[in-house]
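Visitor: Okay, here's the structure, questions in a sec.
Protein chains: 2
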Amino acid sequence: MFKYELIKEEKDTGARLGKITTDHGEIQTPIFMPVGTQGTVKSMDQDDLKEMNAQIILGNTYHLYLRPGMEIMEKAGGLHKFMNWDRPILTDSGGFQVFSLGDLRKITEEGVEFRSHLDGSKHFMSPEKSIQIQNTIGSDIMMCFDECAPADADYDYTKKSMEMTSRWARRSKDAHQRPDEQALFGIVQGGMFDDLRVRSANELVEMDFPGYSIGGLSVGETKEKMFHMLDVTLPHLPQEKPRYLMGVGSVDALIEGVMRGVDMFDCVLQTRIARNGTALTSQGKLVVRNAAYADDFRPLDPECDCPVCRNYSRAYIRHLVKCNEILGARLLTYHNLYFTLKLMEKVREAILEDRLLELRTEVFSKYGIKPTDYQKALKLNRS
Amino acid sequence: MFKYELIKEEKDTGARLGKITTDHGEIQTPIFMPVGTQGTVKSMDQDDLKEMNAQIILGNTYHLYLRPGMEIMEKAGGLHKFMNWDRPILTDSGGFQVFSLGDLRKITEEGVEFRSHLDGSKHFMSPEKSIQIQNTIGSDIMMCFDECAPADADYDYTKKSMEMTSRWARRSKDAHQRPDEQALFGIVQGGMFDDLRVRSANELVEMDFPGYSIGGLSVGETKEKMFHMLDVTLPHLPQEKPRYLMGVGSVDALIEGVMRGVDMFDCVLQTRIARNGTALTSQGKLVVRNAAYADDFRPLDPECDCPVCRNYSRAYIRHLVKCNEILGARLLTYHNLYFTLKLMEKVREAILEDRLLELRTEVFSKYGIKPTDYQKALKLNRS
Chain A
59 MFKYELIKEE KDTGARLGKI TTDHGEIQTP IFMPVGTQGT VKSMDQDDLK
109 EMNAQIILGN TYHLYLRPGM EIMEKAGGLH KFMNWDRPIL TDSGGFQVFS
159 LGDLRKITEE GVEFRSHLDG SKHFMSPEKS IQIQNTIGSD IMMCFDECAP
209 ADADYDYTKK SMEMTSRWAR RSKDAHQRPD EQALFGIVQG GMFDDLRVRS
259 ANELVEMDFP GYSIGGLSVG ETKEKMFHML DVTLPHLPQE KPRYLMGVGS
309 VDALIEGVMR GVDMFDCVLQ TRIARNGTAL TSQGKLVVRN AAYADDFRPL
359 DPECDCPVCR NYSRAYIRHL VKCNEILGAR LLTYHNLYFT LKLMEKVREA
409 ILEDRLLELR TEVFSKYGIK PTDYQKALKL NRS
Chain B
59 MFKYELIKEE KDTGARLGKI TTDHGEIQTP IFMPVGTQGT VKSMDQDDLK
109 EMNAQIILGN TYHLYLRPGM EIMEKAGGLH KFMNWDRPIL TDSGGFQVFS
159 LGDLRKITEE GVEFRSHLDG SKHFMSPEKS IQIQNTIGSD IMMCFDECAP
209 ADADYDYTKK SMEMTSRWAR RSKDAHQRPD EQALFGIVQG GMFDDLRVRS
259 ANELVEMDFP GYSIGGLSVG ETKEKMFHML DVTLPHLPQE KPRYLMGVGS
309 VDALIEGVMR GVDMFDCVLQ TRIARNGTAL TSQGKLVVRN AAYADDFRPL
359 DPECDCPVCR NYSRAYIRHL VKCNEILGAR LLTYHNLYFT LKLMEKVREA
409 ILEDRLLELR TEVFSKYGIK PTDYQKALKL NRS
């Protein structure tokens, strides 16, 4: 089953408080979803994720297709059982990864021929194949197979790509074997062109998906441009369906995105910078790897109540990072995910109490980010 | 404070049940001690270690001296506070690591000049320096600075080395600043020569240390030879003091060592083979990295009740290992340490109930190890 319930729209912004119900439990939106590319959120175990209250995690179709492969996934009875995670899972379509392969892939109307980044073996991915894989994975939320055009693609390329993405969305929908158990989202493309975004949204809404993703953003364009594309696109998506902004999760984009009506986010930022020795804190990013923290015995974020901040100092974590100790990556990953999930919890509370703009001012001023001029966005969103 | 209480000697073997009391809590012996080289048991956090009931862990003086360095260690108030571990800690003397540097070090009566394996910087380690570092680290159990002669060293070299180790033991004892809080163990050397081992033991016992370590074993000699050296050495150590067999921790050596009167063990085996994709199980070693386990959905060890075996399959862990995912190393490390700590718990129970020989038969037959002829050992030990 899949159900989205719009609980409340905020008074002064386009922010929405909602609830998604799946066979594997409920998701309070707006939500940030940790990324578990290969069936593991890097360095976390599934108990860690529950402890930090991750309500849903991602799996990557491309990676899981290559390893462990669908024969084992099928024998395991799907990804939930394989990795022992009984809460909701969302999978991407594999499109983004396949297109990122560059010279290793060839796109046709039928699909994409590509070579594995692991061993060079030849594979073919199509809407039908992507859906078949996602059906085997058994994710609660699936994605249509789309083409994510580069940020600098010209109008002509982007238009053709967007049109093909619409045709692929139709084929994805037709190929879906378990629509009652797994919700398939359409993905809005259209690059940096307002009219193409609107057309893409309209064509997908026409096909009536249970939710809509916004793809092809945060691919090299400015933040302003990204927020503009949200302002242009979101008014064309139905209020009664969830909206998912793919691959976006910086502190400013989370809050600005929510204000524009986005319900779901995912990002590898939190886990990736953790492995590079950087923490997200209420005061901004903290590069704990730096020598300045060698004898700093305060927690990563004095305002954070996570187990890492309660138990370990910057000096200790810096030492672990400098020694390439696994525990360094693990502690930073835990904290960064906790920090982001907690931020989204505060966002949900603020929406409930109609004070999201206030929360934005509070968070951004400490973090050192400038808020966008939101009146324009608000006008567009409510028009 | 430091106190060793001999609770019971087993009827049919030389095994001893005991209790060590330190300022950071009690240790039930015989005990296996996980190795936390750089202030972290690789991939574990301190809560993991408590959850699996690790009663004491090791730190390595050489590594901690280089990183984070003693300035930070001092500011932190010692290793317990630095890493947030409030149970006992044992440190080695740095001797073994320094001697392992090969061409990078030069030994004189005064001490050892060496170059850091990290950046080639020049350092000098002596008994006085080693003790000073261990005083700063604040470990509950410290080691005298010793020379660990190679297994194939000849009689002359080994004799001179053992004699210097005795002189260094005296200097270590004299340099010790906090004998009331930190117990300093003497280290028996003497290579593979019976008379040198006996002389070393006697000379150290003469100096009256609160505990005795057996060093220079498991350095390339056969298991039989190692057990023989224990048979030769242990009768010369006082019953009322704990005995620690350094760097030894395979399943057979643990039980055979306990039967010969050893109280404490440490080993990097458990954590190192974990990071290579190998599990210790009641049926022997399981190389879960192997293709045979790709679709094996049983736990690592069906007889184990650890959280890893309760939650994850061989297939999942094998997938993690193949993908070089941190979680693979972490789950295997947890299981291997849990398995070993649990084994020692069983050993302690068996001693209490005078059935250690029975337990040995049970464990070895499943594991596929041949027991030694113990009558000989027993005779020596009780003589």
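Chain order of the listed sequences is A and B. FYI, in the numbering used here the residues of the first sequence are 59 to 441. FYI, in the numbering used here the residues of the second sequence are 59 to 441. Positions of the beta carbon are idealized from the N, C-alpha and C atoms, including for glycine. These figures come from a predicted structure and were not determined experimentally.
Measure the CB-CB distance between B:D359 and B:A337 and report whether it falls below 8 Å.
Guide: Against a cut-off of 8 Å, the Cβ pair of B:A337 and B:D359 comes out as a contact.
Visitor: In the stretch 160-240 of chain A, which residue ranges form an unbroken beta strand (DSSP E) of at least 3 residues, counting only runs that do not cross its ends?
Guide: Those beta strand (DSSP E) runs which fall completely within the stretch 160-240 of chain A and span 3+ residues are 163-165, 170-173, 180-183, 199-201.
Visitor: Considering only C-alpha positions, which residue in the set B:V326, B:D198, B:S219, B:K61 is nearest to B:D204?
Guide: Closest by alpha carbon: B:S219.
Visitor: Taking the continuous alpha helix (DSSP H) assigned at B:V405, which residues delimit it?
Guide: Taken as a continuous stretch (DSSP letters only), the alpha helix (DSSP H) holding B:V405 covers 384-410.
Visitor: Using a C-beta cutoff of 8 Å, does A:T98 count as contacting chain B?
Guide: Output row for A:T98: interface = yes.
Visitor: On the premise that B:W226 lies in contact with B:C202, defined as a C-beta separation below 8 Å, what is that separation, rounded to the nearest angstrom?
Guide: Sure, about 6 Å apart at Cβ, within 8 Å.
Visitor: Tell me the rounded alpha-carbon separation between A:R145 and A:F60.
Guide: Spanning the two alpha carbons is a distance of roughly 13 Å.
Visitor: In the DSSP output, what is B:L64 paired with across the bridge?
Guide: Answer is B:G76.
Visitor: I'd like the span of the beta strand (DSSP E) that includes B:D324, first residue to last.
Guide: Element bounds for B:D324: 322-324.
Visitor: Taking Cβ-Cβ distances shorter than 8 Å, what residues in chain A pair up with B:S179?
Guide: Near B:S179 there are no residues of chain A at all, since even the closest Cβ is about 15 Å away, more than 8 Å.
Visitor: Taking the DSSP output, what are the residues bridged to A:L344?
Guide: Bridge partners of A:L344: A:A337.
Visitor: Where are the beta strand (DSSP E) runs, 3 residues long or more, that stay fully inside the stretch 85-124 of chain A, in chain order?
Guide: You should have 89-91, 115-117.
Visitor: Could you list the residues in the stretch 370-390 of chain B with a C-beta less than 9 Å from some C-beta on chain A, going in chain order?
Guide: Residues passing the 9 Å Cβ filter: Y370, S371, A373, Y374, R376, H377, L378, K380, C381, E383, I384, L385, G386, A387, R388, L389.
Visitor: Taking only three categories from DSSP, how would you classify A:F243?
Guide: A:F243 falls in the strand class under three-state DSSP.
Visitor: Please classify A:S441: is it buried, with 16 or more other beta-carbons within 10 angstroms of its beta-carbon, or exposed?
Guide: Interpretation of A:S441 is limited by its pLDDT of 46, a score under 50 that renders its predicted location unreliable; the figure taken from the coordinates is listed afterwards. Label assigned to A:S441: exposed.
Visitor: Report the rounded CA-to-CA distance for B:F323 versus A:E416, giving the unit in angstroms.
Guide: Using only the alpha carbons, I get a separation of about 58 Å.
Visitor: I'd like to know whether the C-beta of B:K66 is nearer than 8 Å to at least one C-beta of chain A.
Guide: Closer than 8 Å: no.
Visitor: Answer with buried or exposed for A:N382, where buried requires no fewer than 16 other C-beta atoms within 10 angstroms of its C-beta.
Guide: A:N382 comes out exposed.
Visitor: With 7 Å as the limit, tell me which residues of the stretch 124-143 of chain A have their beta carbon closer than that to any beta carbon of chain B; keep them in chain order.
Guide: For the stretch 124-143 of chain A, which is checked against every Cβ of chain B, the residues closer than 7 Å are R125, P126, I130, K133, A134, F140, M141, N142.
Visitor: What does B:S101 touch in chain E if you count any residue whose Cβ is under 7 Å from its own?
Guide: The displayed structure is made up of protein chains A and B, and chain E is not among them.
Visitor: Would you say B:D353 faces chain A, with C-beta separation under 8 Å as the test?
Guide: Yes, because at least one Cβ of chain A sits closer than 8 Å to the Cβ of B:D353.
Visitor: Could you compute how far the alpha carbon of B:R356 sits from the alpha carbon of B:C362?
Guide: Using only the alpha carbons, I get a separation of about 11 Å.
Visitor: Looking at the C-beta of B:S441, does it have a partner C-beta in chain A at a distance below 8 Å?
Guide: Caution applies to B:S441, whose pLDDT of 47 falls short of 50 and renders its modelled position unreliable; the model cannot decide the point.
Visitor: Whole beta strand (DSSP E) runs in the stretch 251-332 of chain A with 3 or more residues, listed along the chain?
Guide: Entirely contained in the stretch 251-332 of chain A, the beta strand (DSSP E) runs reaching 3 residues are, in chain order, 270-272, 301-303, 322-324.
Visitor: Could you spell out the range, first to last residue, of the beta strand (DSSP E) harbouring B:L378?
Guide: Per DSSP, B:L378 belongs to no beta strand (DSSP E); it is in the alpha helix (DSSP H), 372-380.
Visitor: With DSSP as the reference, label B:I130 as helix, strand or coil.
Guide: Helix at B:I130.
Visitor: Measure the CB-CB distance between B:D321 and B:K69 and report whether it falls below 8 Å.
Guide: In this structure, B:K69 does not lie closer than 8 Å to B:D321 by Cβ.
Visitor: Could you check whether B:D198 and B:H121 sit closer than 8 Å to each other, using their CB atoms as the reference points?
Guide: Not closer than 8 Å, so no.
Visitor: Please state the DSSP three-state secondary structure of A:G135.
Guide: Three-state result, A:G135: coil.
Visitor: Is there a Cβ from chain A that is less than 8 Å from the Cβ of B:Q155?
Guide: It does not: the Cβ of B:Q155 has no partner Cβ on chain A nearer than 8 Å.
Visitor: Is B:Q328 close to chain A, meaning its C-beta is less than 8 Å from at least one C-beta of that chain?
Guide: Not an interface residue.
Visitor: Quick check: A:Q104 and A:W143, are their CB atoms within less than 8 Å of each other?
Guide: Going by C-beta atoms, A:Q104 is nearer than 8 Å to A:W143.
Visitor: Pair every Cβ in the stretch 237-244 of chain B with every Cβ in the stretch 156-175 of chain B, then say whether three or more of these pairs are closer than 8 Å.
Guide: Judged by Cβ distances under 8 Å, the stretch 237-244 of chain B makes no contact with the stretch 156-175 of chain B, as fewer than three pairs qualify.
Visitor: Would the stretch 388-403 of chain A and the stretch 92-109 of chain A be scored as touching if the rule is three or more Cβ pairs under 8 Å?
Guide: Touching, per the Cβ criterion.
Visitor: Out of B:A211, B:D150, B:K217, which one is the CA nearest neighbour of B:S188?
Guide: Checked all of B:A211, B:D150, B:K217; the closest Cα to B:S188 is B:D150.
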